[in-house]
Amino acid sequence: MPLPDEIEHRYYTSQGFDPAHARQVRSHYLPFVDGRELLVELGCGRGEFLEVASEVVERCLGVDADPAMVEAVVAAGHEAVRADVRTWPGETTERPDAVFLAHLIEHLSVDEAHELLGGVHDVMAPGGVLVVVTPNPACLANLMNDFWSDPTHVRLYTLDLLAFLLEQTGFEVTERGGNPIGSPGAPPLLAAPPVDVEAGELPVGVEPPAPIQYDESFQLETLLDETSRLRRAVEQLVHGVATLDARQQQLRHVVDVLAQRHDDVLAHLWGPNEIYVVGVRRP
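Everything in the sequence shown is counted per numbering that gives the first Met the number 0, starting at 0 for the first residue and increasing by one.
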């Protein structure tokens with residue numbers, strides 16, 4: 000029977016995992032580890048972050064329980080060891096000044112996560128930086144489908160809960176947020192086709208005024224009466240147009256407000272796919 004890590008590897012392989020895309024997404028976290036002497040990535044997977052981090056860190060070490068992952072990392076020219084990430088802090092003699100956990104903590108219960116973070120704190124050098132990345136529970140795509148598609152996921156972690164766990168295990172939280180890289184955003188919405196009204200075309204149900212009939216019985220008095228009637232009609236029309244314009248402006252404002260609220264809701268429901276918390280080890 001395959002181990003949980005092997006099941007996860009098989010699942011993402013079946014879903015067409017894209018290493019290039021993963022490297023692009025992970026590049027968002029390079030500024031947090033830039034210039035460090037030893038970076039350890041727990042649950043390094045195929046080593047996408049190790050590859051990009053090796054350009055800004057003196058030494059990188061990957062840790063993963065899946066032998067296939069470790070072999071892939073070593074074959075790519077990076078350093079990696081096979082170990083259970085939950086027990087590695089108590090077994091290692093390394094003293095990293097940077098630790099990276101990407102999409103690992105959601106595979107652990109809160110108690111397991113607390114124990115792991117405490118162990119990481121104990122092996123890190125004072126002033127070392129810890130970066131924890133996990134799926135965003137505020138993203139509707141994660142909440143409704145993506146997160147639960149992985150058979151090895153245990154639970155979602157919010158930013159507040161991650162920050163709390165870091166604080167409780169001896170870290171000072173210095174930054175938290177969402178990763179904008181690689182987030183697809185909301186699915187395209189169908190828009191109604193624009194209304195195309197030709198110039199001079201009247202709305203449905205509006206009839207043009209009847210033309211004035213000039214015949215032998217047409218008199219000056221009739222012309223004056225007709226002129227007066229047309230003047231009143233024009234005045235009413237001008238007033239109606241002014242009223243319509245004012246209401247149109249009000250409607251435009253309402254539409255703008257609704258559009259902004261619509262965008263805000265979509266931005267919230269389809270926020271970044273992943274969130275992160277950065278902590279510095281207290282002395």
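Quick reminder that beta carbons are idealized off the backbone N, C-alpha and C, glycines included.
In the structure shown, Leu155 adopts coil according to DSSP, grouped into three states. Look at Ile180 here: in three-state DSSP terms it is coil, with no helix or strand label. Between Val130 and the set Ala19, Arg35, Gly239, Arg230, the nearest pair of CA atoms involves Arg35. For Gly44, there is no enclosing alpha helix (DSSP H), as DSSP marks it with neither H nor E. The beta carbon of Thr173 is closer than 7 angstroms to those of Val277, Gly278, Val279 in its chain, skipping five residues each way along the sequence. Around the beta-carbon of Val237, fewer than 16 other beta-carbon atoms lie within 10 Å, marking it exposed. For Arg281, the closest alpha carbon among the candidates Gly239, Phe170, Gly177 is that of Phe170.
Burial of Val128 is indicated by the presence of at least 16 other C-beta atoms within 10 angstroms of its C-beta.
Cβ neighbours of Val69 within its own chain (closer than 6 angstroms, five residues either side excluded): Asp63, Ala79, Arg81. Rounded to the nearest whole angstrom, the C-alpha separation of Asp96 and Pro125 is 8 angstroms. Contact annotation: the segment 108-124 does not touch the segment 243-263, with fewer than three C-beta pairs closer than 8 angstroms. With the rule of 3 Cβ pairs closer than 8 angstroms, the segment 51-66 does not count as touching the segment 239-246. Counting along the chain, Leu116 sits inside the alpha helix (DSSP H) bounded by residues 109-122.
Each of Leu158, Pro271, Val132, Gly89 was checked against the Cα of Gly181, and the nearest Cα belongs to Pro271. Here Val98 is buried. Its C-beta has 16 or more other C-beta atoms within 10 Å. Boundaries of the alpha helix (DSSP H) harbouring Glu90: 87-90, taken from the DSSP string.
When secondary structure is reduced to three states using DSSP, Asp255 falls in the helix class. Its Cα nearest to that of Leu49, the residue Gly76 stands out among Pro66, Asp65, Gly76.
If you look at Leu60, you'll find it isn't in any alpha helix (DSSP H); it sits in the beta strand (DSSP E) that goes 58-63.
The DSSP-derived three-state label of Arg94 is coil.
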